[in-house]
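Visitor: Mapping of the sequence shown onto full-length UniProt numbering: position 379 corresponds to residue 379, and the numbering continues sequentially without gaps.
Every residue gets a Cβ at the ideal spot worked out from N, C-alpha and C, and that includes glycine.
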Amino acid sequence: MLKPHVQVTSGQTSVVLNKPFIHGNYHFQSPFSLLVPSKHTNKNNVGVSISHRGKGNNIIKASLLGRLVSSKDKTATERVTVNVVVQRETAPLIEKPQSLRDKTNDFLGVANFSVELISTQKDPETGKQRKMKCFPESKKGGKKDKVMNYEAKVDIPKDFGDVGAVIIENDFEREIYMKTISLHYHSSDHKLVNFSCESWVQSKRDSYLPSQTPSGLKELRNEELKRLRGNGKGERKEYERVYDYDVYNDLGVPDKSSELSRPVLGGPQHPYPRRCRTGRPQTKTDLSSESRSKTAFYVPRDETFAEVKQNDFASRRIALGIKSLIPFLESNMFDEKFPNFTDIDKMFKEGYEITDKSISGDKSIKEMLALHVGTKLYSSVLVAESLVDNVIKFKQPPTADMDKFFWFRDEEFARQTIAGLNPCCLQLVTEWPLKSELDPSIYGPQESKITTEIIEQQLKAYDYTLLDARREKKLYLLDYHDVLLPYVSKVRKLEKRTLYGSRTLFFLTPYGTLMPMAIELTRPPMDGKPQWKEVYTPNSNWHSTDIWLWKLAKAHVLAHDATVHQLAKNTLLC
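As structure tokens, this is what we get:
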């Protein structure tokens, strides 16, 4: 039976398993860990605990000569080498300067964090947790290395028991990103225990259910749960991991003007999903509203971007500059349509040369780009990567590296449905035949044109019937029919624009991948014409026209996916 991960802690606030950012120089301590079965094997993959100390409460470090930590009874101990791998906080090009203390400690090989091993068993004499602490030394590496390595040696009692958690106490004045911790036993069996805190990496070993938590770790686990829940008091700090929730009471700015006051979203009067509680002060003129901070909105630390990802995300703001150039690009560089696929490839391989012609008044193209993305970011990133010698290049999608026609494939269309904008819109087919819930007097007949015969014709390749597929829960539906159909007539009044309501049926193959079975496009009654609907299937008769109609139908579905994401999810529900 699959056992879920269990997290434990000692301290105040902790770091979640998936994104273990370790802060230093803050007024809190926050470890976490993932528990493993008490039975040791030659290789165990477990979680890692992390804790933080605040300025003024920094952990006292061992002296330079105290790098080896030994137990009192050397006759009943075994040597263990502790290896710690830390990822650089930022890319070398934009790495933030270290403090003088951090630089000095790194130069001398002094560890700025400690590793504390926690046993799954309590001490039978004292009833307290068994702990062993060591202080890893930094191992020299090049500035271009993507990771930094630390190592310590510790003698632990042979009756110490299994290591069920590790607490990292960080005394850096900068945050660090912990990747892995390994325990190499020097005994005859050369046992290796791995602690992984990589983002979004799950343990390969079974973990304890809460009811099976070892006694030595129960207290840590309970404390961690309390800190994650929060107590509903105080203002949240950027380094905290508290998952507390509140209503949307910060939409207005009543202190500036009564016209800027907004009602509270959430609660019985205006039901609405909750947001993360921030605990900011109330406004002066409306006690039901929360004031806005000049700093960024509070997000639990594990949900925020690492600095490398944040800078990468910011550098892609080039898209905003490209948007301002679209009218110029259309009139000076592109024809109305791409004449062939070779011209599409040129965007990625050769790029397009930009003339010195000015756009938007007196501003040049480069000035417009710098205006949109920021002068500093433009100078450090855009000039180097996106605008060299007046040539704009577009980054080729990684999926196109091996197959530039990957977007033609039905497998890729199905993959994009899951990995794309709205994977939660994909639903299991629970009723058959498919029917609309819209008013038939306005939008036409409710029955879908996707029939049993059409689907079973597609399922023959997998030796399935419709009944088998439904019974084994292998049919899934991406349904934008009722969502978009009321807007079809309005969109079609716009020049060079069209829209349909769509239904897409997928089959879960024996290989664990989705394959599209059929796409239905619908247009409601309009302009004196009755309702129109058509079903498209892959490889229906290998006629060239049908093949291209199928590809166009997939393009419509992808457009619908993006439209619903941008309009319904981002605009109306946020």
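Quick one: residues in its chain with C-beta nearer than 6 angstroms to the C-beta of Glu-116, no 5 flanking neighbours on either side, listed in chain order?
Guide: On the sequence shown, position 116 is the one that residue 116 refers to. Cβ neighbours of Glu-116 beyond the five flanking positions: Lys-131, Lys-133, Ile-167.
Visitor: May I ask you to list the residues that DSSP assigns as paired with Glu-447?
Guide: Counting from one through the sequence shown, the residue named residue 447 turns up at place 447. According to DSSP, Glu-447 bridges with Lys-435.
Visitor: If you reduce the DSSP assignment to three classes, tell me which class Thr-304 lands in.
Guide: Position 304 of the sequence shown, counted from the first residue, corresponds to residue 304. Residue state, collapsed to three classes: coil.
Visitor: List the DSSP bridge partners of Trp-532.
Guide: In the sequence shown, the residue the question calls residue 532 occupies position 532. Per DSSP, Arg-523.
Visitor: Tell me Arg-275's beta-bridge partners as DSSP assigns them.
Guide: By one-based count along the sequence shown, residue 275 stands at place 275. For Arg-275, which the question treats as bridged, DSSP gives the partners Asp-246.
Visitor: Residues in the same chain with beta-carbon distance under 8 angstroms from Phe-506, minus the five sequence neighbours each way, listed in chain order, please.
Guide: The count along the sequence shown starts at 1 and reaches residue 506 at position 506. Once the five neighbours on either side are set aside, the close Cβ partners of Phe-506 are Ala-414, Thr-417, Leu-426, Leu-475, Tyr-476, Leu-477, Leu-478, Leu-514, Met-515, Pro-516, Met-517.
Visitor: Should Ser-215 go down as buried or exposed, given a rule of 16 or more other Cβ atoms within 10 Å for buried?
Guide: Against the sequence shown, residue 215 aligns to sequence position 215. Exposed is the call here.
Visitor: Among Thr-452, Tyr-480, Ile-519, Gly-528, which has the Cα closest to the Cα of Leu-467?
Guide: Sequence index remark: in the sequence shown, residue 467 carries index 467 (1-based). Answer by Cα proximity: Thr-452.
Visitor: Between which two residues does the alpha helix (DSSP H) holding Phe-413 run?
Guide: Along the sequence shown, one-based indexing puts residue 413 at 413. Residues 410-419.
Visitor: What are the partner residues of Ala-152, as DSSP defines its beta bridges?
Guide: The count along the sequence shown starts at 1 and reaches residue 152 at position 152. For Ala-152, which the question treats as bridged, DSSP gives the partners Val-82.
Visitor: So, helix, strand or coil for Ser-288, using DSSP?
Guide: Counting from one through the sequence shown, the residue named residue 288 turns up at place 288. Here Ser-288 sits in coil by DSSP.
Visitor: Under DSSP, the alpha helix (DSSP H) around Ser-215 begins and ends at which residues?
Guide: Along the sequence shown, one-based indexing puts residue 215 at 215. Here the alpha helix (DSSP H) through Ser-215 covers 215-229.
Visitor: Where does the unbroken alpha helix (DSSP H) through Ser-544 begin, and where does it stop?
Guide: The residue you call residue 544 lines up with position 544 of the sequence shown. 544-563 is the extent of the alpha helix (DSSP H) around Ser-544.
Visitor: Just to confirm my understanding: we take Gln-202, look at its own chain, exclude 5 residues before and 5 after, and list those with CB closer than 6 angstroms. What are they?
Guide: Against the sequence shown, residue 202 aligns to sequence position 202. Low per-residue confidence applies at Gln-202: pLDDT is 30, beneath 50, and the placement is therefore not dependable enough to give any value.
Visitor: Around the C-beta of Asp-159, are 16 or more other C-beta atoms found within 10 angstroms, so that it is buried, or is it exposed?
Guide: For the purposes of this step, residue 159 is taken as residue 159 along the sequence shown, with counting starting at 1. Its Cβ having fewer than 16 others within 10 Å, Asp-159 is exposed.
Visitor: Relative to the C-alpha of Tyr-272, which candidate in Val-264, Gly-161, His-184 has its C-alpha closest?
Guide: For the purposes of this step, residue 272 is identified with residue 272 of the sequence shown, where counting begins at 1. The shortest Cα separation from Tyr-272 among Val-264, Gly-161, His-184 belongs to Val-264.
Visitor: For Pro-254, collect the residues of the same chain with a Cβ closer than 7 angstroms to its Cβ; drop the 5 residues on either side in sequence, then sort them by chain order.
Guide: As a first step, residue 254 is located in the sequence shown; it is residue number 254 there, counting from the start. For Pro-254, where only same-chain residues beyond five positions count, the Cβ hits under 7 angstroms are Leu-260, Ser-261, Thr-283, Thr-285, Asp-286, Ser-289.
Visitor: From the DSSP output, which residues share a beta bridge with Thr-77?
Guide: Position 77 of the sequence shown, counted from the start, is the residue given in the question as residue 77. In DSSP, Thr-77 forms a bridge with Pro-157.
Visitor: What residue range is occupied by the uninterrupted beta strand (DSSP E) comprising Thr-504?
Guide: Reading the sequence shown from its first residue, position 504 is the one you call residue 504. First-last of the beta strand (DSSP E) with Thr-504: 501-508.
Visitor: Identify whether Leu-459 lies in helix, strand or coil by the three-state DSSP scheme.
Guide: The residue given as residue 459 occupies position 459 in the sequence shown. Of the three classes helix, strand and coil, the one that applies to Leu-459 here is helix, per DSSP.
Visitor: For the candidate residues Glu-235, Thr-537, Asn-194, whose alpha-carbon lies nearest to that of Val-163?
Guide: Against the sequence shown, residue 163 aligns to sequence position 163. That would be Asn-194, whose Cα lies nearest to the Cα of Val-163.
Visitor: Does the beta-carbon of Phe-135 have 16 or more other beta-carbons within 10 angstroms, so that it is buried, or is it exposed?
Guide: In the sequence shown, residue 135 corresponds to position 135, counting from 1. Buried, because 16 or more other Cβ atoms sit within 10 Å of the Cβ of Phe-135.
Visitor: Can you check DSSP and say which residues form a bridge with Pro-516?
Guide: Taking the first residue of the sequence shown as 1, we reach residue 516 at position 516. Partner(s): Phe-506.
Visitor: Pick from Glu-78, Leu-217, Lys-233: whose alpha carbon is nearest that of Gly-127?
Guide: Here residue 127 is taken as the residue at index 127 of the sequence shown, counted from 1. Checking every option, the nearest Cα to that of Gly-127 belongs to Leu-217.
Visitor: Between the alpha carbons of Asn-83 and Glu-169, how many angstroms are there, rounded?
Guide: One-based indexing of the sequence shown puts residue 83 at position 83. One-based indexing of the sequence shown puts residue 169 at position 169. Going from the Cα of Asn-83 to the Cα of Glu-169 covers about 15 angstroms.
Visitor: Could you spell out the range, first to last residue, of the alpha helix (DSSP H) harbouring Asp-479?
Guide: As a working note, residue 479 is residue 479 in the sequence shown. Counting along the chain, Asp-479 falls outside any alpha helix (DSSP H), though it belongs to the beta strand (DSSP E) covering 475-479.
Visitor: Could you spell out the range, first to last residue, of the alpha helix (DSSP H) harbouring Phe-341?
Guide: What you label residue 341 is simply residue 341 of the sequence shown in a count that begins at 1. Segment 341-349, the alpha helix (DSSP H) holding Phe-341.
Visitor: In three-state DSSP terms, what is Tyr-464?
Guide: As a working mapping, residue 464 is identified with position 464 in the sequence shown. If DSSP states are grouped into helix, strand and coil, Tyr-464 belongs with coil.
Visitor: Exposed or buried, what is Ser-258 when buried is set at 16 or more other beta-carbons lying within 10 Å of its beta-carbon?
Guide: Residue numbering aside, residue 258 sits at position 258 when the sequence shown is read from its first letter. Exposed is the call here.
Visitor: Contact defined as beta carbons within less than 8 angstroms: I believe Asp-300 pairs with Arg-241. What is the distance between those atoms, to the nearest angstrom?
Guide: As a first step, residue 300 is located in the sequence shown; it is residue number 300 there, counting from the start. As a first step, residue 241 is located in the sequence shown; it is residue number 241 there, counting from the start. Position check: residue 300 holds Pro in this sequence, whereas Asp was assumed. About 5 angstroms separates the two Cβ atoms, so the contact holds.
Visitor: Work out the CA separation of Val-85 and Leu-567 for me, nearest whole Å.
Guide: For this step, residue 567 is matched to residue 567 along the sequence shown. For this step, residue 85 is matched to residue 85 along the sequence shown. Approximately 43 angstroms between the Cα atoms of the pair.
Visitor: Name the DSSP beta bridge partners of Leu-494, please?
Guide: Here residue 494 is taken as the residue at index 494 of the sequence shown, counted from 1. None; Leu-494 has no bridge partner.
Visitor: Taking the Cβ atom as the reference point for each residue, do Val-483 and Val-557 lie within a distance shorter than 8 angstroms?
Guide: Position 483 of the sequence shown holds residue 483. Position 557 of the sequence shown holds residue 557. No, Cβ-Cβ distance for Val-483 and Val-557 is not below 8 angstroms.
Visitor: According to DSSP, is Leu-183 helix, strand or coil?
Guide: Mapped onto the sequence shown, residue 183 falls at position 183. Three-state DSSP puts Leu-183 in a strand.
Visitor: Please name the residue, chosen from Tyr-248, Pro-268, Arg-274, that lies closest to Arg-292 on a Cα-to-Cα basis.
Guide: As a working note, residue 292 is residue 292 in the sequence shown. Here the closest residue by C-alpha is Tyr-248.
Visitor: With a threshold of 6 angstroms on Cβ separation, who are the neighbours of Val-147 within its own chain once the five nearest residues in sequence on each side are excluded?
Guide: Position 147 of the sequence shown, counted from the first residue, corresponds to residue 147. Excluding positions up to five away in sequence, the list reads Val-85, Gln-87.
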